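The structure appears right after this line, and notes come after that.
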Amino acid sequence: MSPLVVLLILLLFSCSPSSSVPIGSRDILRAIDIDSNTGPDLHDAAVDLNTTNFDQVLRNTPATYAIVEFFAHWCPACRNYKPHYEKVARLFNGPDAVHPGIILMTRVDCASKINTRLCDNFSVGHYPMLLWGNPSKFVSGSWDPKKDKNEIRLIDDGRTAERLLNWINKQIGSFFSLDDQKFENDHLASNASDPEQIARAVYDIEEATSTAYDIILEQKMIKSETRASLIKFLQILVVHHPSRRCRKGSAEVLVNFDDLCPSDMGTPNKQEATDGNGKGALRNFQICGKEVPRGYWMFCRGSKNETRGFSCGLWILLHSLSVRIEDGETQLAFTAICDFIHNFFICEECRQHFYEMCLSVSSPFNKTRDFALWLWSAHNKVNVRLIKEEASLGTGDPKFRKIIWPSKQLCPSCYFSLSKNNDGTSQIDWNRDEVFKFLVSYYGKMLVSLYKDKGLLGDDGTDRVSLEDLATTTNAVVVPVGAALAIALASCAFGALACFWRSQQKNRKPRRSWN
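Numbered by mature numbering (1 follows the signal peptide of the UniProt record, and there is no 0), the letters in the sequence shown go through residues -20 to -1, 1 to 495 in order.
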């Protein structure tokens, strides 16, 4: 066999696709790059954006900063730069991020025709090109290199992973390193003295809501005897959840609940409805939107993997609900929350303790103030118990130790007096009127202030729902305008139903006793 024939055979085999990427695909170079540089087991950490999801992702991110890499998939320099960019992105993006929620690292393929106008808006003149700024500044934004003052900055020294991270450190005064490991070299902010940090918890409430929903489905906890308590809790979420995404998702679950989980599902011939793959159809509903769960915590992040997180997010959700309900709804909300924890919180000891506190209440709640203060007092009772247990077992978070809350730094006016008992415990004479004012502010306006700053709330504090939010999707499928209008009308119907339900509950006379 001649050397020329051998060479042709080798070339033929070397060009055969080793994956599902078709020959001639414009993505084949990127697929080869992934196989050779990042390994088959590593997924991209940087988020791929396009014109259909660019504004939505950047508007909704909890990150303080964003980097957008504009590249072309056919560009050799871009392929060679990708491993460097990914190395930095893994520090900040995804569930295994070392420093989550600080910087969102994204990329846009300017060689894709769908992104032509987007790349033109940001004056992309070379590849790869990196822009830095507050995520909200990219939303419906642009970048002009001729302007003297730009809120979006060009990263002019990010040629390698080391140089890019050094540029970031200089920009925000940080000390991040490519060698950082999760929960190491972490400078976690203390929540004890800065009330404005609670604004970051709005993302943790979404995370906790979505996590609780997933646990309920995974553990198959919806049964004939528990479905009513879940319906009541979903009704509360539809009206009072701090996040619009979770309110809308809860409404969609609630409207379809009877079809998917019939009341006689416990009988031999009935079971939960399934999709085409045999899985529970309720899994097709994402209760807080397709971006959630994100896989990490912001305000509720502990210094160790096993501390804080879900339980912290769930407590904040309950407190936020307690200050949002109105006087006529307090008893319904109280029973809904107690029954939800009793039936669906998977920690047996925790839910039993909580339910015992619920059972100790002898008369119904008629005022928001009374219910909010009861939940606050219950949370402090839990903290007192855990302070002792964690001290004896050494299981607490060393950077976030349990305290009687709120601290005097957070709310000086909440205290009439503070003294120490002989056993070292605190003796506090609370100003309950001031405590209630603090709870309303802290878990009310302050909690959603970050949403308002990002423009997700209107001037009157109501949600701003745009047609763009309803018509875009992350897989580059554009919803037709007619379909988008139908979805918008359905969302309005959900809102009308929720308002009608709330008015009915407010007009109901409070029960004289409860079980």
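Glycine residues also receive a C-beta, built at the ideal position from the N, C-alpha and C atoms.
Note that the structure is a prediction, hence the values are computed from the model and not measured.
>> Can you look up residue 500 in the DSSP assignment and give me helix, strand or coil?
In response: The requested residue 500 does not occur in the structure, where the chain is confined to residues -20 to 495.
>> Tell me the DSSP secondary structure of ASP377 in three-state form.
In response: Here residue 377 refers to the residue found at position 397 of the sequence shown. It is coil, neither helix nor strand.
> Would THR254 be called buried (16 or more neighbouring beta carbons within 10 Å of its own) or exposed?
Replying inline: As a position in the sequence shown, residue 254 is number 274, starting the count at 1. The pLDDT assigned to THR254 is 48, lower than 50, so where the model puts this residue is not dependable; a value taken from the coordinates is nonetheless given after this. That one is exposed.
> Residues in its own chain within less than 7 Å of SER393 by CB, not counting five upstream and five downstream?
Replying inline: If you number the sequence shown from 1, residue 393 lands on position 413. Here the set comprises ASN411, GLU414.
> Can you give the beta carbon distance from LEU297 to THR189, rounded, assuming they're within the 8 Å contact cut?
Replying inline: Within the sequence shown, numbered from 1, the residue matching residue 297 stands at position 317. Within the sequence shown, numbered from 1, the residue matching residue 189 stands at position 209. Indeed, because the Cβ distance is near 6 Å, the residues count as touching under 8 Å.
> Alpha carbon to alpha carbon, how far is ILE83 from ASP24?
Replying inline: For the purposes of this step, residue 83 is identified with residue 103 of the sequence shown, where counting begins at 1. For the purposes of this step, residue 24 is identified with residue 44 of the sequence shown, where counting begins at 1. ILE83 and ASP24: Cα-Cα distance of roughly 15 Å.
> For the 8 Å Cβ check, are there 3 or more pairs between the segment 106 to 120 and the segment 128 to 147?
Replying inline: yes
>> Check whether the segment 226 to 240 and the segment 207 to 215 touch, using three or more Cβ-Cβ pairs below 8 Å as the test.
In response: yes
>> Quick check: what's the CA-CA separation for ASN455 versus VAL37?
In response: Numbered from 1 along the sequence shown, position 475 holds the residue referred to as residue 455. Numbered from 1 along the sequence shown, position 57 holds the residue referred to as residue 37. Confidence is the limiting factor: at ASN455 the pLDDT is only 32, short of 50, which leaves the residue's position unreliable, though a coordinate-based value still follows. When rounded, the distance between both Cα atoms is 12 Å.
>> Can you tell me whether GLU205 is helix, strand or coil according to DSSP?
In response: Along the sequence shown, read from residue 1 onward, the residue named residue 205 stands at position 225. GLU205: coil per DSSP, three-state reduction.
> Quick one: Cα of GLU49 to Cα of LEU145, how far?
Replying inline: Translated into the one-based positions of the sequence shown, residue 49 becomes position 69. Translated into the one-based positions of the sequence shown, residue 145 becomes position 165. Near 14 Å, if we compare the C-alpha coordinates of LEU145 and GLU49.
>> Cutting at 7 Å between CB atoms, please list the residues of its own chain near GLY229, excluding the five before and the five after it.
In response: The sequence position of residue 229 within the sequence shown is 249, counting from 1. The residues are PHE265, GLN266, ILE267, CYS268, GLY269.
>> Helix, strand or coil, according to DSSP, for ASP315 in the structure here?
In response: Taking the sequence shown and counting its residues from 1, the one referred to as residue 315 is at position 335. It should be pointed out that residue 315 corresponds to Thr in this sequence rather than to Asp. Three-state DSSP puts THR315 in a helix.
>> On the DSSP bridge list, what partners appear for ARG45?
In response: Against the sequence shown, residue 45 aligns to sequence position 65. In the sequence as displayed, the identity of residue 45 is Tyr instead of Arg. The partner list for TYR45 (beta bridge, DSSP) reads ILE83.
> Who are the Cβ neighbours of HIS106 in its own chain at under 7 Å, not counting the five residues just before and after it?
Replying inline: For the purposes of this step, residue 106 is identified with residue 126 of the sequence shown, where counting begins at 1. No residues qualify anywhere along the chain.
> How do the segment 291 to 307 and the segment 66 to 86 stand: do at least 3 beta-carbon pairs fall below 8 Å, yes or no?
Replying inline: no
> When we look at the beta-carbon of THR287 and count the other beta-carbons within 10 Å, is it buried (16 or more) or exposed?
Replying inline: Stepping through the sequence shown from its first residue, residue 287 is reached at position 307. When all chains shown are included, THR287 counts as buried.
> CA-CA distance, residue 500 and HIS64?
Replying inline: With the chain represented from -20 up to 495, any question about residue 500 goes unanswered, as that position is not in the structure.
>> Excluding the 5 residues flanking LEU294 on each side, which residues of the same chain have their C-beta closer than 6 Å to its C-beta?
In response: By 1-based counting over the sequence shown, the position of residue 294 is 314. These residues qualify, in order along the chain: ALA188.
> Would a C-beta distance cut-off of 8 Å place LEU419 and HIS299 closer than the cut-off?
Replying inline: Numbered from 1 along the sequence shown, position 439 holds the residue referred to as residue 419. Numbered from 1 along the sequence shown, position 319 holds the residue referred to as residue 299. Yes.
> Under a Cβ-count criterion, where at least 16 other Cβ atoms within 10 Å of its own Cβ denotes burial, should ASN257 be classed as buried or exposed?
Replying inline: The residue labelled residue 257 in the question sits at position 277 within the sequence shown. Only weak support is given to the placement of ASN257: the predicted model assigns it a pLDDT of 42, under 50, and the value that follows is read from those uncertain coordinates. Classification of ASN257: exposed, given that the 10 Å Cβ count is below 16.
> Just curious, the alpha helix (DSSP H) that SER399 is in, first and last residue?
Replying inline: Numbered from 1 along the sequence shown, position 419 holds the residue referred to as residue 399. Here SER399 belongs to no alpha helix (DSSP H); instead the beta strand (DSSP E) covers 395 to 400.
> Per DSSP, what kind of secondary structure is ARG133 in: helix, strand or coil?
Replying inline: Residue numbering aside, residue 133 sits at position 153 when the sequence shown is read from its first letter. In the structure shown, ARG133 sits in a strand (DSSP, three-state: E or B).
>> At the level of alpha carbons, what is the spacing between LEU98 and ALA316?
In response: In the sequence shown, counting from the first residue as 1, residue 98 sits at position 118. In the sequence shown, counting from the first residue as 1, residue 316 sits at position 336. The alpha-carbon atoms of LEU98 and ALA316 are separated by roughly 47 Å.
> Going by Cα to Cα distance, which pick from ASP377, CYS226, LEU262 is closest to ARG281?
Replying inline: As a position in the sequence shown, residue 281 is number 301, starting the count at 1. With distances taken between Cα atoms, ARG281 lies closest to ASP377.
> Taking all protein chains shown into account, do 16 or more other C-beta atoms lie within 10 angstroms of the C-beta of LEU398, making it buried, or fewer, making it exposed?
Replying inline: Within the sequence shown, the letter at position 418 stands for residue 398. Result: exposed.
> From this set, GLY374, PRO273, GLU329, which residue's C-alpha is nearest THR41's C-alpha?
Replying inline: For the purposes of this step, residue 41 is taken as the residue at position 61 of the sequence shown. THR41 has its Cα closest to that of PRO273, out of GLY374, PRO273, GLU329.
> Which whole-angstrom value is the C-beta distance of LEU366 and ALA181, which I expect to be below 8 Å?
Replying inline: For the purposes of this step, residue 366 is taken as the residue at position 386 of the sequence shown. For the purposes of this step, residue 181 is taken as the residue at position 201 of the sequence shown. Going by Cβ atoms, the distance from LEU366 to ALA181 rounds to 19 Å, so no, they are not a contact pair.
> Are SER157 and ILE148 closer than 8 Å when you measure CB to CB?
Replying inline: Position 177 of the sequence shown, counted from the first residue, corresponds to residue 157. Position 168 of the sequence shown, counted from the first residue, corresponds to residue 148. Contact flag unset, no.
>> Quick check: the Cα distance between ILE135 and LYS150, rounded to an integer number of angstroms?
In response: On the sequence shown, residue 135 is found 155 positions in, with the first residue counted as 1. On the sequence shown, residue 150 is found 170 positions in, with the first residue counted as 1. Going by the C-alpha atoms only, they are around 12 Å apart.
> Using DSSP with H/G/I as helix, E/B as strand and the rest coil, what is MET278?
Replying inline: Start at 1 with the first residue of the sequence shown, and residue 278 comes out as number 298. The answer is coil: DSSP assigns MET278 none of H, G, I, E or B.
>> Can you check which of these residues, LYS67, THR31, GLU369, SER387, is closest to ALA91 by C-alpha distance?
In response: The count along the sequence shown starts at 1 and reaches residue 91 at position 111. It is THR31 whose Cα lies nearest to the Cα of ALA91.
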